[in-house]
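Read the structure below first, then the notes.
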Amino acid sequence: MLKRVLVANRGEIAVRVMRTCRERGLETVAVYSDVDRLAPHVQVADFAVAIGAAPASQSYLVIDKIIDACRKSGADAVHPGYGFLSENEDFADACTAAGITFIGPSAEAMRKMGSKTEARKTVSAAGTPVVPGDNGPGGNGFPDAQGALASAMKIGFPVLIKAAAGGGGKGMRLVNAESEFVAAFDGARREATSAFGDGTVYIEKAIIRPRHIEIQVFGDTHGNLVHLGERDCSIQRRHQKVIEEAPSPVITPEVRAKMGAAAVAAARAVNYVGAGTCEFLLDQSTGGFYFLEMNTRLQVEHPVTEMIYGLDLVSWQLDVAEGKPLPMSQQELDARRRGHAVECRIYAEDPVKFLPSPGKITHLRVPDGPYVRNDSGCYEGAEIPVDYDPMISKLVVWGDDRRTAIARMRRALDEYQVRGIETNLAFHRRCFRHPAFIEGDYDTGFIARNAAELHPRAEGGELDAAIIAAALDSLQKPAASSHAGNGVSRAAHSAPPSSEISGWRRGL
Ligand code: MV4
3 MLKRVLVANR
13 GEIAVRVMRT
23 CRERGLETVA
33 VYSDVDRLAP
43 HVQVADFAVA
53 IGAAPASQSY
63 LVIDKIIDAC
73 RKSGADAVHP
83 GYGFLSENED
93 FADACTAAGI
103 TFIGPSAEAM
113 RKMGSKTEAR
123 KTVSAAGTPV
133 VPGDNGPGGN
143 GFPDAQGALA
153 SAMKIGFPVL
163 IKAAAGGGGK
173 GMRLVNAESE
183 FVAAFDGARR
193 EATSAFGDGT
203 VYIEKAIIRP
213 RHIEIQVFGD
223 THGNLVHLGE
233 RDCSIQRRHQ
243 KVIEEAPSPV
253 ITPEVRAKMG
263 AAAVAAARAV
273 NYVGAGTCEF
283 LLDQSTGGFY
293 FLEMNTRLQV
303 EHPVTEMIYG
313 LDLVSWQLDV
323 AEGKPLPMSQ
333 QELDARRRGH
343 AVECRIYAED
353 PVKFLPSPGK
363 ITHLRVPDGP
373 YVRNDSGCYE
383 GAEIPVDYDP
393 MISKLVVWGD
403 DRRTAIARMR
413 RALDEYQVRG
423 IETNLAFHRR
433 CFRHPAFIEG
443 DYDTGFIARN
453 AAELHPRAEG
463 GELDAAIIAA
473 ALDSLQKPAA
483 SSHAGNGVSR
493 AAHSAPPSSE
503 ISGWRRGL
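So this is what it looks like as structure tokens:
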């Protein structure tokens, strides 16, 4: 049995993990950098250990400092959250060597899934479909462009050149024709070398306008493995997820069962223990799906799965870490699925330039009400540091069906008020009113193709005119409608909730 859990993370995920620990009667330890002294995860924890300067490379990413903090605080387990050290096999090894339980899979499973070529080889041997492609001679990537080109011509254009150490689209190049190949190959190698210190690249057939569908899996130390269905994460911007939902609007029960079995087979191939996610591309033109990679951690978007299964996945992680068998069989899980859940990632970012917008939150009102969950690591008066990911919260709602969930999300987004920093709230409000999104008709290119509608840029005179119009409107509208002669006046809350140009409310 575990007694005291150190959470090697910050922000909303550290708070979220500690909440479950507390519910289970476990003590919690926070680690914090200089700028996080007053952060919510420090206030929620039973104990807290300072680990250094603000840059993650001097605090949250330093293995020795985290192990030291475990010793100092008497923690017997570490939860790594996501990002930072969560997929670092050296960290998992260091925990084990120090006699601390790493809440996650074995270092060996992380290593196998960490290399994309190794993962392709391992899971395809287990019968999981991978994108048609070529890992290079001996499966170790292509040493030169000529060999790679010959292989690309066999596969057929368009192809993608990808980095074996990659992820997040770094070191990836789309090649539409033979003539572009050599330059793209050299570019991919250069980028992979500088980003990962490993220039190994391989080739895949490019799937056009795919959907990003991922399957949540769970394993225990007794050899049981189950899946908890899919999440559709196709609404992304520059390889950063923005909206996720479960179930996917396009996955049938039959495809879910097949994809689930493929994900479980992939996980079984590396004796997977704990929470993991298998990413697939769904080719909407053929209905085929292909394994891309496995993320060996709890993901940002795990709440949408929790909502439709009515489960706490962190609690499952703790069960597994304590050596208990999984709480439910596949059959029991399948019978629990209910309704629809959607998540919006609320980022502190400039809505025009898409740059992080750090600073002080001078005013904050967060949505609540039925079936609304806001996983947050900030508060009114908080300073959003420049040093970390600018996500300020995850707004998650549940509904009986997709329509209900979307309507609920619109309502929740309309309640959300943030001042002092810029956010992507206006983007989300537009997206949840976009006809194609409402139809579930989208793919990984959705944001880029609809940029003009989703991110209208008001500039210069146009912006001044809009501000004046909004100001006049808010002065005149209540006056105009409040004397209908029946004593009914327009409620104050129908005025724009913030200083942003809230055209979404009044159809501007
Ligand atoms: C692909 C693909 C199409 N065909 N692979 C992007 C990040 C990396 N993890 C994999 N990515 C892709 N791989 C083949 N063979 C299209 C993408 C892709 C993408 C995938 C998921 C979510 C968003 C994306 C945006 C652009 C490209």
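Numbered according to our numbering, the sequence shown spans residues 3 to 510. Here a beta-carbon is modelled for each residue, glycine too, at the ideal position from N, C-alpha and C. On a predicted model such as this, the values are computed, not experimentally measured, just so you know.
Note down, in chain order, each residue of its chain lying with its Cβ closer than 6 Å to the Cβ of residue i, except the 5 sequence neighbours on either side.
i              : result
valine 322     : Asp222 and Gly276
arginine 299   : Tyr84, Ser88 and Glu89
tryptophan 130 : Sequence check: residue 130 is threonine here, not tryptophan. Within the same chain, threonine 130 has close Cβ partners Ala264, Ala267, Ala268 and Phe293.
aspartate 36   : Ala55 and Ala56
tryptophan 400 : Met309, Gly341, Ala343 and Tyr373
histidine 214  : Cys235, Ser236 and Thr446
arginine 404   : His342
valine 17      : Pro42, His43, Val46 and Gly379
glycine 138    : Phe144 and Tyr204
arginine 459   : Val354
methionine 115 : Ala121, Met296 and Thr298
histidine 365  : Arg421
Measuring only the C-alpha atoms, how far is residue i from residue j?
i                 : j              : result
aspartate 282     : arginine 492   : The amino acid at residue 282 is misidentified as aspartate; the sequence shows phenylalanine. Rounded to the nearest angstrom, the two C-alpha atoms are 49 Å apart.
valine 252        : aspartate 234  : 9 Å
glutamate 246     : isoleucine 363 : 25 Å
phenylalanine 429 : alanine 41     : 27 Å
aspartate 70      : proline 145    : 41 Å
serine 121        : methionine 296 : With the sequence shown as reference, residue 121 is identified as alanine, and serine is not the correct amino acid for it. Rounded to whole angstroms, alanine 121 to methionine 296 spans 8 Å at the Cα level.
histidine 81      : valine 490     : 55 Å
glutamine 332     : lysine 260     : 13 Å
glutamate 532     : histidine 224  : Because the chain in this structure spans residues 3 to 510, residue 532 falls outside the shown range and cannot be described.
valine 184        : glycine 325    : 51 Å
asparagine 142    : alanine 154    : 16 Å
alanine 248       : valine 306     : 6 Å
isoleucine 440    : alanine 152    : 43 Å
isoleucine 105    : glutamate 334  : 24 Å
alanine 454       : methionine 330 : 46 Å
histidine 304     : glutamate 180  : 41 Å
leucine 176       : glutamate 382  : 44 Å
valine 51         : cysteine 72    : 9 Å
alanine 438       : lysine 5       : 49 Å
leucine 162       : leucine 456    : 28 Å
cysteine 346      : valine 244     : 6 Å
phenylalanine 49  : glutamine 301  : 25 Å
histidine 436     : tyrosine 444   : 11 Å
alanine 147       : glutamate 182  : 11 Å
lysine 74         : threonine 119  : 40 Å
glutamate 256     : glycine 289    : 12 Å
Write down the C-beta distance between residue i and residue j rounded to the nearest angstrom, noting that I regard them as a contact closer than 8 Å.
i                 : j             : result
phenylalanine 293 : alanine 268   : 6 Å
glycine 171       : histidine 241 : 4 Å
isoleucine 449    : glycine 361   : Incorrect: roughly 25 Å between the Cβ atoms, too far for contact.
threonine 124     : glutamine 218 : Going by Cβ atoms, the distance from threonine 124 to glutamine 218 rounds to 20 Å, so no, they are not a contact pair.
threonine 30      : arginine 39   : About 17 Å; that fails the 8 Å criterion.
alanine 167       : serine 117    : 7 Å
valine 33         : leucine 8     : 7 Å
isoleucine 102    : aspartate 78  : 6 Å
valine 368        : alanine 111   : With 8 Å as the limit, valine 368 and alanine 111 do not qualify as a contact, their Cβ atoms being about 37 Å apart.
So with Cβ pairs under 7 Å, would you call residue i a contact of chain C?
i            : result
threonine 98 : Protein chain content of the structure displayed is limited to a single chain, and chain C is not contained in it.
Residues in the same chain with beta-carbon distance under 8 Å from residue i, minus the five sequence neighbours each way, listed in chain order, please.
i                 : result
glycine 312       : Arg338 and Arg340
phenylalanine 220 : Leu227, Val228, His229, Leu230, Gly276, Ala277, Gly278, Leu315, Trp318, Val322 and Leu328
threonine 22      : Asp314, Val316, Ser317 and Leu320
arginine 258      : Gly231, Glu232 and Pro249
arginine 286      : As written in the sequence, residue 286 is glutamine, which differs from the arginine given in the question. Cβ neighbours of glutamine 286 beyond the five flanking positions: Arg211, Pro212, Arg213, Val252 and Asp445.
What does a CB cutoff of less than 7 Å around residue i pick up in its chain, not counting 5 residues either side in sequence?
i                 : result
aspartate 95      : Ala109
leucine 427       : Ile348, Leu415, Tyr418 and Val420
glycine 201       : Arg191, Ala194 and Thr195
phenylalanine 434 : Ile408, Met411, Arg412 and Leu415
proline 160       : Leu176, Val177, Asn178 and Ala208
glycine 19        : Going by the sequence as given, residue 19 is valine instead of glycine. Val9, His81, Gly83 and Val316.
Under 6 Å from any heavy atom of the ligand FMN, does the C-beta of residue i make it?
i             : result
glutamine 238 : Annotation note on the ligand FMN: not contained in the displayed structure, which lists the ligand MV4 as its ligands.
Segments assigned beta strand (DSSP E), at least 3 residues, entirely inside the segment 31-80: 49-54
Note down, one range per segment and in chain order, each alpha helix (DSSP H) of at least 4 residues found wholly within the segment 260-323. 304-311 and 315-323
Within 8 Å, do at least three Cβ pairs link the segment 373-382 to the segment 392-401? yes
Hey, is the segment 180-194 in contact with the segment 208-215, meaning 3+ C-beta pairs nearer than 8 Å? no
4-residue-minimum alpha helix (DSSP H) runs that sit fully inside the segment 418-451, ordered along the chain: 427-433, 437-441 and 448-451
What runs of the beta strand (DSSP E), each 3 residues or longer, lie entirely inside the segment 144-172? 161-165
Ranges of the beta strand (DSSP E) found wholly within the segment 162-227, counting only runs of at least 3: 175-177, 203-207 and 213-221
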